[in-house]
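Notes to accompany the following structure.
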Amino acid sequence: MLSKAAAGRYAVGAFNVLDYNSTKAVVQAAEELAAPVILQTSAKTVTFWGPRALVGWVTELAGRVKVPVALHLDHCKDLDLIRDCIEAGWTSVMIDASARPFEENLALSRQVVEMARPKDVTVEAELGAIVGVEDELHVKEQDSHLADPRQAMEFCAKVKLDCFAPAIGTAHGIYKGEPKIAYHILQEVATSTRVPIALHGGTGLSDEVFRRCIALGCAKVNISTQIKYAFIDGFVGYHNAHSTQYDPLKVLQAQFDEMKKGIAGNIKLFGSAGKA
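Note that my numbering has the sequence shown beginning at 1382, numbered continuously upward.
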């Protein structure tokens, strides 16, 4: 999926789902636009619902459509949880050991690759610190650091990654100012490693920034915060407008519609519509 995207200079949307309704919104948007898509789960989401429940939803929904659907574990630091997800049926996992020294990050990432390969599960890893909030870990902006292109080349050569997330100046959560993207690092890393690049912290970036990053090699774009906002706003917005109605299915439908609208817009922007 990502190799095709990198070669075609478009990106596959990777959307962090929260429940069955959000999962359904992503899958239906992808099907209507004939786009490949990645369903992402945070470690917190997996812990909350349990691996088997999540895999059950994805298997059931993905089985209805003809477009390719991947299930990816996002930003996980727990090797036991990664192992549980691999065993449960995830098709891709991310080991995030970026807060550790380079050699430890390298060793842990290789360990996950060795764990995943026998199950034909792909692996993403991160180098540098992507600022913002990653589950319960708050990365202070002043402590963040961008990926070193030379280390990135060594890292990808030794780990044999399927997807690489270098820190290039994007952030998780809502941007409080204009992000300063290190396009030169992105271009050098993408060219030297020849590994599909994941763009983290996608919510709130301008269309121009998305297009430039994708043109330089980003084949996977993560969208999480946007889904969270649509999840809450769709639900609350309907109830505020119809405060005397207590029909849960109508509220859930409004929530679904709000999430799906944003997801469809992303798929079109990333250039993956029609690429299934």
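Note that CB positions come from ideal geometry on N, CA and C, so glycine has one too.
Fair warning: this is a prediction, and the values are worked out from it, not measured in the lab.
- Setting aside the 5 residues that flank it on each side, ASP1465 is surrounded in the same chain by PRO1432, each with a C-beta closer than 7 Å to its C-beta; the list follows chain order.
- Contact between the segment 1596 to 1609 and the segment 1574 to 1584 is established, with three or more Cβ pairs separated by less than 8 Å.
- Straight through space, the alpha carbons of GLN1626 and ALA1579 are spaced by roughly 43 Å.
- Beta-bridge partners of SER1479 (DSSP): none assigned.
- In the structure shown, the three-state DSSP call for PRO1547 is strand.
- Unbroken alpha helix (DSSP H) runs of no fewer than 4 residues, entirely contained in the segment 1413 to 1466, are found at 1424 to 1430, 1432 to 1443, following chain order.
- In the DSSP assignment, LYS1500 falls outside any beta strand (DSSP E) and carries neither an H nor an E.
- The DSSP-derived three-state label of VAL1494 is helix.
- Per DSSP, reduced to three states, the secondary structure at LEU1580 is strand.
- Between the segment 1405 to 1416 and the segment 1636 to 1643, the count of C-beta pairs closer than 8 Å reaches three or more; the two stretches touch.
- Burial state of GLU1468 is exposed, judged by a 10 Å Cβ sphere holding fewer than 16 other Cβ atoms.
- In summary, GLY1652 is buried, with 16 or more beta-carbon neighbours lying within 10 Å of its beta-carbon over all protein chains present.
- Inclusion of ALA1424 and CYS1457 in the CB contact set at 9 Å is warranted, their separation being smaller than that value.
- In this structure, LEU1487 sits away from ALA1451, with a CB-CB distance that is not shorter than 9 Å.
- The closest CA to that of HIS1565, considering only MET1475, ILE1613, GLU1589, ASP1529, is found on ASP1529.
- Here ALA1571 carries a helix assignment [DSSP, helix/strand/coil].
- Looking at the DSSP output, GLY1394 bridges to VAL1602.
- The three-state secondary structure of ALA1506, taken from DSSP, is strand.
- Approximately 13 Å separates the beta-carbon atoms of LEU1542 and ALA1571; this is outside 8 Å, ruling out the contact.
- SER1473 sits in a strand when the DSSP states are folded into three classes.
- Taking the Cα positions, PRO1449 is about 9 Å away from GLU1412.
- For GLY1389, the enclosing alpha helix (DSSP H) has its first and last residue at 1383 to 1389.
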